[in-house]
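Position one of the sequence shown corresponds to residue 1 (the UniProt record's numbering), numbered consecutively onward. For each residue, glycine too, the CB sits at the ideal point set by N, CA and C. Here is the structure we will look at.
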Amino acid sequence: MGKYILYMTARPEVRGLPRYILGQSMGGAIALKIHLKEPNTWDGVILVAPMCKIAEGMLPSTAVLKLLSILSKVMPKAKLFPHKDLSALTFREPGKRKVVGVESFLIGYYDDPTRLKTGMELLSATQEIESQLHKVSAPLLILHGAADKVTDPLVSQFLYEKASSKDKTLRIYEGGYHGILEGEPDDRIFAVHNDIISWLDFRCSLE
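Okay, structure coming up:
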């Protein structure tokens, strides 16, 4: 990832431009890890329903997690991690799933059981991120649906409070599900997109 970022930022057409990173859901965890690894590379971070911590209701029991941890070392590719269909929790308007397409790679649309090693790595990543939230220092925009049952909006509130960023904004959308960028009524989707664009416009100086 680091080499790819260096390659992209070195391209003549983007050299000198502001650098912002956006991540949604699992991508939010990746965006945070990238920022924490290279905090001076980014002019801002935008997180949409970030997976800083998996919602308690989505986790297996402690006993099951211990068993899965052991099994992941023995049979890492096994698809034994408990699977839940997240599409109903992602799309407030079910018809929007057909618009987006079931082949999308967002977490809410992954229909196959997660491999054991992948599942345990995701848990480990969220635990690592949770312990370093105070190190988040870039200008920060967090957007989350209030009714999200996949990634907990209270965790976004926790991130907002813990982050050391002097410039930080939290937007919670009443009634919003996990997919606030694509699974909501059109007016809500436009509002979220406009919030992102306005936030960027205010901070980007392209003189």
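Between K162 and L36 the beta-carbon gap is near 13 Å, outside 8 Å, which marks them as no contact. For Y177, the secondary structure class from DSSP, reduced to helix, strand or coil, is coil. Straight through space, the alpha carbons of V99 and L6 are spaced by roughly 34 Å. The criterion of a C-beta distance shorter than 8 Å is satisfied by V48 and G28. Here the segment 153-172 makes no contact with the segment 60-78; the two share fewer than three CB pairs at distances below 8 Å. DSSP places G183 outside both helix and strand once states are collapsed to three, so it counts as coil.
The Cβ neighbour count for A138, taken over all protein chains shown within 10 Å, is at least 16; the residue is labelled buried. Distances from the alpha-carbon of L133 to those of E184, D43 and P50 put P50 closest. In the three-state scheme derived from DSSP, where H, G and I count as helix and E and B as strand, G16 is classed as coil. Judged by DSSP in its simplified three-state form, K73 adopts helix. Using a Cβ distance threshold of 8 Å, Y20 and F91 do not count as a contacting pair.
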